[in-house]
Amino acid sequence: MAQHEIKINLPGLLKMLGSNIYAEPDVAVREMIQNCHDTCIIRKTQDENFRDPCIDVSFDRAAGTLTFSDNGAGMTEQDLHENLATIGQSFTKMQKDQLRGAGVQEALLLIGQFGIGLLSGFVVSDEISVITKSIQDESPPVEWKGRADGTYQVRTLKTEISPGTRVYLR
Numbered sequence: 002m003a004q005h006e007i008k009i010n011l012p013g014l015l016k017m018l019g020s021n022i023y024a025e026p027d028v029a030v031r032e033m034i035q036n037c038h039d040t041c042i043i044r045k046t047q048d049e050n051f052r053d054p055c056i057d058v059s060f061d062r063a064a065g066t067l068t069f070s071d072n073g074a075g076m077t078e079q080d081l082h083e084n085l086a087t088i089g090q091s092f093t094k095m096q097k098d099q100l101r102g103a104g105v106q107e108a109l110l111l112i113g114q115f116g117i118g119l120l121s122g123f124v125v126s127d128e129i130s131v132i133t134k135s136i137q138d139e140s141p142p143v144e145w146k147g148r149a150d151g152t153y154q155v156r157t158l159k160t161e162i163s164p165g166t167r168v169y170l171r
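What the sequence shown shows, in the numbering used here, is residues 2 to 171, in sequence order.
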């Protein structure tokens, strides 16, 4: 018997997730804030000098954007490809497992685990833009832009920014 791969209609999957798992638009807000929370906890475990975690949520009616920003651990370009562009791959779960293995108590504070939280943004928007800078010194700031049709782009930014992440829902 021949073996075949199951195909995925990503735009259809995103629509199904949006209408079933994330049926209420306010869930997207909760998921984005949860992601901000987790990355601040992760930064605290990696940077002993980090003292003032910050999460900001704002809305710009004229631009049609809902923005979530934090000063957490941020992400590298590789993190973006491996985690934001891979459904079911949870950056937080990986960090939680590493922290548990190292006996770090803050692992209990991390919330995310399924690797689909960012997808909730497609319930309220057609495009998600993520601008991030990892706390890893050598890592440049990067931008990830994803669309509800299942496509995304990544580019390195020339502008210097502080570590953390800004997510724009358009």
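The beta carbon of each residue, even a glycine, is placed where N, CA and C say it ideally should be.
Note on geometry: alpha-carbon atoms of A74 and S126 lie some 25 Å from one another. Going by DSSP, D27 is part of the alpha helix (DSSP H) stretching over 27-47. When DSSP reads this structure, S70 sits in a beta bridge with D57, R167. In this structure, D39 sits away from C55, with a CB-CB distance that is not shorter than 8 Å. Residue pairing by DSSP places R148 opposite E128 in a beta bridge.
Excluding its 5 nearest sequence neighbours in each direction, G118 has C-beta neighbours in its own chain below 6 Å: E32, N36, listed in chain order. The criterion of a C-beta distance shorter than 8 Å is not satisfied by R62 and E128. Per DSSP, Q137 has no beta-bridge partner at all. The C-alpha of Q4 is placed about 34 Å away from the C-alpha of V155.
Burial is judged here by how many other beta carbons sit within 10 angstroms of a residue's own beta carbon; A64 has fewer than 16 and is exposed.
Burial is judged here by how many other beta carbons sit within 10 angstroms of a residue's own beta carbon; D80 has at least 16 and is buried. For K45, same chain residues with a beta-carbon under 6 Å away, outside a window of 5 residues either side, are F51 in chain order. In the displayed model, Q154 falls within a strand according to three-state DSSP. In its chain, beyond the 5 residues on either side, E128 have a beta carbon closer than 6 Å to the beta carbon of R148. Residues of the same chain with a CB within less than 6 Å of the CB of T157, apart from the 5 flanking positions on each side, are P141, V143 in chain order.
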